[in-house]
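Structure record follows, encoded as structure tokens.
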Amino acid sequence: MNKFCLIQAFKVTIPVLFGYLAIGIPFGLMLVSAGYPWWLAPVMSILMYAGAGQYMAVSLFAAGANLSVTAITMLLLNIRHIVYGLSLITPFKNTGRWKPYLIFALTDETYALMTSCPLPKGVDSPSFYGAIALLDHLYWIIGSLIGALAGTLIPFSFEGVDFALTALFAVLLTDQVKKSKDWIPPLIGISVTILAIILVPSDYVLLAALAAGVAILMLIKRPFTSQESP
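First residue of the sequence shown? That's 20 in this note's numbering, and the numbers climb one at a time after it.
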């Protein structure tokens with residue numbers, strides 16, 4: 020990785036920078052307000068790096084949940100990453116020493132950038148993917164650290180902060196649709212999510228929506244793929 024590669028990666032990760040600061044700071048504040056020391060925020064962000072999972076973990080531990088319940092909850096919350104990983108088997112195949120870290124650092128936002136941003140000229144894919152993952156990780160660590168330190172010094176209201184993550188997803192989705200010109204996946208995602216909210220118990224909405232969305236995409240995309248094949 021060189022300076023040019025880092026600059027190109029920084030350009031495409033700017034939306035994630037602002038998004039991760041916006042949601043990382045409240046995480047640090049919440050951690051401190053739950054009675055945990057400030058240094059636990061950057062430690063969790065370095066070793067766990069799970070975004071919404073970190074929010075959930077703090078809430079579960081504060082409520083006295085045991086490790087087995089926490090582990091199952093984390094699995095259900097992050098099960099979508101299985102699909103992410105399957106779709107990146109080929110792109111990650113020749114990433115060499117970067118591969119273990121790329122797998123660990125694969126968040127929703129990092130996945131969106133890796134699958135939508137074209138590779139800059141003169142930059143190899145392992146270094147570019149690694150720079151994106153590393154910068155995004157750094158943004159999250161900084162945000163959580165700022166929030167934790169601020170939480171030890173000043174009081175803070177959490178009202179409205181929970182929308183930051185939703186806003187970040189909306190920005191990334193809009194950018195992907197504009198580049199791909201394909202409205203089918205987001206429309207399917209919206210539709211199955213609405214149906215899951217109506218028909219499925221709240222604890223299983225994410226899992227049901229993800230399973231239904233993937234199944235529908237596999238069914239409708241297969242004919243197009245076979246038609247395009249020589």
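No residue lacks a Cβ here, since even glycine has one placed at the ideal position from N, Cα and C.
Look at the alpha carbon of residue i and the alpha carbon of residue j, and state the distance between them as a whole number of angstroms.
i	j	result
Ile213	Asn21	45 Å
Asp12	Asn113	Nothing can be reported for residue 12: it is not among the residues displayed for the chain, which extend from 20 to 249.
Leu16	Gly232	No answer is possible for residue 16: the residues shown for the chain start at 20 and end at 249.
Pro145	Leu218	42 Å
Phe29	Tyr120	18 Å
Ile216	Tyr223	9 Å
Ser163	Ser64	7 Å
Ala228	Ile91	18 Å
Leu79	Gly141	46 Å
Cys24	Ala124	18 Å
Cys136	Val31	7 Å
Leu59	Lys200	42 Å
Leu50	Ile239	44 Å
Lys197	Ser87	42 Å
Met93	Gly149	25 Å
Pro139	Pro204	26 Å
Ile161	Val62	11 Å
In the DSSP assignment, find the alpha helix (DSSP H) that holds residue i and state where it starts and stops.
i	result
Tyr120	118 to 123
Cys24	22 to 52
Ile207	203 to 218
Tyr103	99 to 106
Gly83	First-last for Gly83: undefined, no H or E at that position.
So, is residue i buried or exposed, given that buried needs 16 or more other C-beta atoms within 10 angstroms?
i	result
Met133	buried
Pro249	Its pLDDT being 38, under 50, Pro249 is placed unreliably by the model, and nothing is read from it.
Trp117	buried
One question on the structure: do residue i and residue j come within less than 9 Å of each other, judged by their Cβ atoms?
i	j	result
Trp159	Tyr55	no
Ala53	Ala81	yes
Trp57	Thr193	no
Gly70	Ile42	yes
Assuming residue i and residue j are in contact, meaning their beta carbons sit under 8 Å apart, how far apart are those beta carbons, in whole angstroms?
i	j	result
Ala167	Gly72	17 Å between Cβ atoms; not a contact.
Gly129	Ile151	Going by the sequence as given, residue 129 is Thr instead of Gly. Yes, Thr129 and Ile151 are in contact; Cβ-Cβ is about 6 Å, under 8 Å.
Ile207	Leu236	6 Å
Ile165	Ile44	5 Å
Hey, would you say the C-beta of residue i is under 8 Å away from at least one heavy atom of the ligand GTP?
i	result
Val190	The ligand GTP is absent from the structure shown, which contains no ligands of any kind.
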